[in-house]
Amino acid sequence: MSSPQKVYGPLPFTALYDPRHFDTAQPAPSLWQATGGPVPVAVDPLRADARVEVAVIGAGIAGLSTALHLAREAGIEVRVLEAGSVGWGASGRAAGFCTLGGSRLGWGALARRFGIEEARRSFVLQRHAVALVAELARLHRIDLKRSGEGEYVVAHRPGRMRELAEERALVRDRFGEDWPLLSRAELRARGIALEEAYGALFIPHAFGIHPLRYVRGLARAATEHGVRIHERSPVVAWERQQGWHRLITPGGSLWARRVVVAATGYLPERLWPSLEGRVLPALSCVLATRPLTASEREAQGWTEPALVADTRRLLFYMRLLGDGRVLFGARGGLSTSPTAFEERRRWLEARFRERFPAWRHVGIEFAWWGLVALARDGFAHLAEPADPPGVTLIGPFHGSGLAMATALGRLAALRLAGRREDPPPPAFLSRPLPAFPLPRLRLAYLALAYLGYGLRDRWL
Numbered sequence: 062m063s064s065p066q067k068v069y070g071p072l073p074f075t076a077l078y079d080p081r082h083f084d085t086a087q088p089a090p091s092l093w094q095a096t097g098g099p100v101p102v103a104v105d106p107l108r109a110d111a112r113v114e115v116a117v118i119g120a121g122i123a124g125l126s127t128a129l130h131l132a133r134e135a136g137i138e139v140r141v142l143e144a145g146s147v148g149w150g151a152s153g154r155a156a157g158f159c160t161l162g163g164s165r166l167g168w169g170a171l172a173r174r175f176g177i178e179e180a181r182r183s184f185v186l187q188r189h190a191v192a193l194v195a196e197l198a199r200l201h202r203i204d205l206k207r208s209g210e211g212e213y214v215v216a217h218r219p220g221r222m223r224e225l226a227e228e229r230a231l232v233r234d235r236f237g238e239d240w241p242l243l244s245r246a247e248l249r250a251r252g253i254a255l256e257e258a259y260g261a262l263f264i265p266h267a268f269g270i271h272p273l274r275y276v277r278g279l280a281r282a283a284t285e286h287g288v289r290i291h292e293r294s295p296v297v298a299w300e301r302q303q304g305w306h307r308l309i310t311p312g313g314s315l316w317a318r319r320v321v322v323a324a325t326g327y328l329p330e331r332l333w334p335s336l337e338g339r340v341l342p343a344l345s346c347v348l349a350t351r352p353l354t355a356s357e358r359e360a361q362g363w364t365e366p367a368l369v370a371d372t373r374r375l376l377f378y379m380r381l382l383g384d385g386r387v388l389f390g391a392r393g394g395l396s397t398s399p400t401a402f403e404e405r406r407r408w409l410e411a412r413f414r415e416r417f418p419a420w421r422h423v424g425i426e427f428a429w430w431g432l433v434a435l436a437r438d439g440f441a442h443l444a445e446p447a448d449p450p451g452v453t454l455i456g457p458f459h460g461s462g463l464a465m466a467t468a469l470g471r472l473a474a475l476r477l478a479g480r481r482e483d484p485p486p487p488a489f490l491s492r493p494l495p496a497f498p499l500p501r502l503r504l505a506y507l508a509l510a511y512l513g514y515g516l517r518d519r520w521l
């Protein structure tokens, strides 16, 4: 019999940030929380000991997709443990970009590192991931509040049009798809105008959603197929006994043959040594305006619902929603204190008004932030750590994983059920998630990266 792992603080989240950020009793006061529709039912905390074939840590997109596919397609008994409420973490705070993503490596970088066939498999997987979100919404009657078809990647400097042209050529020559490369005038003709937009590459495999409604819809679908979800049930200790995992929560213990860890934005990394230092949590902040009138939208020249991101490494991302609101977000920041949040909110609002001068008078109704997770090697993982055995780790997704988290949840379920994956995913997904050297210095690494990226974004 092994002893429980040591627990640091009230919850075993990372010690890199202010502990007040990890108050699971309080969801982020976002637009999504205000408009999220019915909350899931039958998701009470774990109040006794129980045994199950598969336990999932994290009731976000990846965890709920895993649980749903295990129960629906393989009939495997599964329970989900969530420290807060369904969608409390990154999944319920995202900007709602259902796009190709999950990696910070471009197609060329993937091809150089792993070969063109692996890059092609990654492209196919990401494309199927976007389609899977739409298919799950159709099958399980999930109201996604879908708005905006395709994603526009805008060149924030004239020289970045060359990079977009190179990506277009690579996708055409290697993957067989010809994506439109739009001039500034052509972008405006499509009803999208903002400062620092010198043209755009249009990626058709994308649409916008209400992320919290999607997560809650996955939870409802999972419970309809027999999955038990336990909110407000943080795992505070983890033992291994005679081939079983014992996940200890404040109200009871869940014994499982196998465990899926699907919480990389808020990874409980201090529960087990092999989890510590494997991801770099980074902040992303989002604003949402009041609904704009038609005349206000015309004054700026952005009139059609759309998903837009720019070519910065420290990118700005934005959406015009179906109800006329504008979402505007960015990554950055090294502190999660309340003071730091107010400073970041003011900074982001100033950047919003610079890019949309016709909307300088428009009020901001919501502002929130949360952690996304980055891997040292730059891509998402579906891996099994050497210790403890019987564990699958999903992620991280580098701030663009809404679709990929769905797909990797399904792939995790197929693997746990012993079924063939078709089409086969890229083999590099199964590589062990590498640790950061000297993990206590991760915020220092992030600060250096922000400095370098900021200089590059400003001058190149």
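Per the working numbering, the very first residue in the sequence shown carries number 62; after that it's consecutive. Yeah, the Cβ is synthetic: ideal placement off N, Cα and C, and Gly gets one too. Here the structure is a predicted model, which is why all the values come from computation and not from measurement.
Can the beta-carbon of F458 be found closer than 8 Å to that of F489?
no
Take the Cβ of L131 as the centre, count every other Cβ of all protein chains shown within 10 Å, and call the residue buried at 16 or more, exposed below.
buried
Below 8 Å on the Cβ atoms is my guess for W408 versus Q361; work out the distance and round it to an integer in Å.
Incorrect: roughly 21 Å between the Cβ atoms, too far for contact.
What is the DSSP secondary structure of F402, reduced to helix, strand or coil?
helix
Tell me whether L92 sits in a helix, a strand or coil according to DSSP, three-state version.
helix
Taking T284 as part of the alpha helix (DSSP H), name the residues at either end of that continuous run.
Segment P272 to E285, the alpha helix (DSSP H) holding T284.
Bounding residues of the alpha helix (DSSP H) (the contiguous stretch that carries A46)
Here the chain has residues from 62 to 521 only, and residue 46 is not among them.
In chain order, what residues of the same chain lie with their CB nearer than 7 Å to the CB of L205, ignoring the 5 residues before and after it?
A198, I270, H271, R274 and Y275
My output table needs one value for L490: the three-state DSSP class, helix, strand or coil.
In the displayed model, L490 falls within a helix according to three-state DSSP.
Are the C-beta of L490 and some C-beta of chain D separated by less than 8 Å?
Protein chain content of the structure displayed is limited to a single chain, and chain D is not contained in it.
With DSSP as the reference, label V147 as helix, strand or coil.
coil
Is the beta carbon of V215 sitting closer than 8 Å to the one on T372?
yes
Is it buried or exposed for P487, if we count other Cβ within 10 angstroms and need 16 for buried?
buried
Proximity below 8 Å, CB of I264 to CB of E212:
yes
Which same chain residues end up closer than 8 Å to A447 when comparing Cβ atoms and leaving out the 5 residues on each side of it in sequence?
S335 and P493
Endpoints, the beta strand (DSSP E) within which I203 is located
Here I203 belongs to no beta strand (DSSP E), and DSSP marks it neither H nor E.
So what does DSSP say about T453, is it helix, strand or coil?
strand
In terms of DSSP beta bridges, what is Y378 paired with?
A370 and G390
If you drop the 5 nearest sequence neighbours on each side, which residues of the same chain put their C-beta closer than 8 Å to that of L521?
Beyond the five residues adjoining it in sequence on each side, L521 comes within less than 8 Å, by CB distance, of R218 and G220 in the same chain, given in chain order.
Run the CB neighbour count on A123, radius 10 Å, all protein chains shown included, and call it buried at 16 or more, exposed below.
buried
Taking DSSP as the reference, what is the three-state secondary structure of A349?
The answer is strand: DSSP assigns A349 an E or B state.
CA-CA distance, P498 and P352?
C-alpha separation (whole angstroms): 46 Å.
Of the choices V185, L279 and W305, whose alpha-carbon is the least far from that of H266?
Of the candidates V185, L279 and W305, the one whose C-alpha sits nearest the C-alpha of H266 is V185.
Once DSSP output is grouped into helix, strand and coil, what is the label at V232?
helix
Cα-Cα separation, L477 to S244:
A straight line joining the alpha-carbon of L477 with that of S244 spans about 47 Å.
Is the beta carbon of L375 closer than 8 Å to that of Y511?
yes
Identity of the residue in G287, W93 and D234 nearest L382 by Cα
W93
In its own chain, which residues sit with a C-beta less than 6 Å from the C-beta of G385, not counting the 5 before and 5 after it?
P352 and L353
Decide if H306 is buried, meaning its Cβ has at least 16 other Cβ atoms within 10 Å, or exposed.
buried
In the DSSP assignment, find the unbroken beta strand (DSSP E) run with L463 in it and report its ends.
Segment L463 to L477 is the alpha helix (DSSP H) holding L463; no beta strand (DSSP E) there.
Contact the segment 161 to 175 vs the segment 392 to 410: 3+ CB pairs below 8 Å:
no
Does the segment 294 to 301 come within contact of the segment 417 to 433, defined as at least 3 CB pairs closer than 8 Å?
no
Secondary structure at R112, three-state DSSP: helix, strand or coil?
Reduced to three states, the DSSP call for R112 is strand.
Using a threshold of 8 Å, state whether the C-beta atoms of T453 and S126 are closer than that.
Contact: no.
What's the call for E357, buried or exposed, on a 16-neighbour Cβ count within 10 Å?
buried
Pick from V387, P342 and S146 that is closest to W363, judged by C-alpha positions:
Taking W363 as reference, the option from V387, P342 and S146 with the minimal CA-CA separation is V387.
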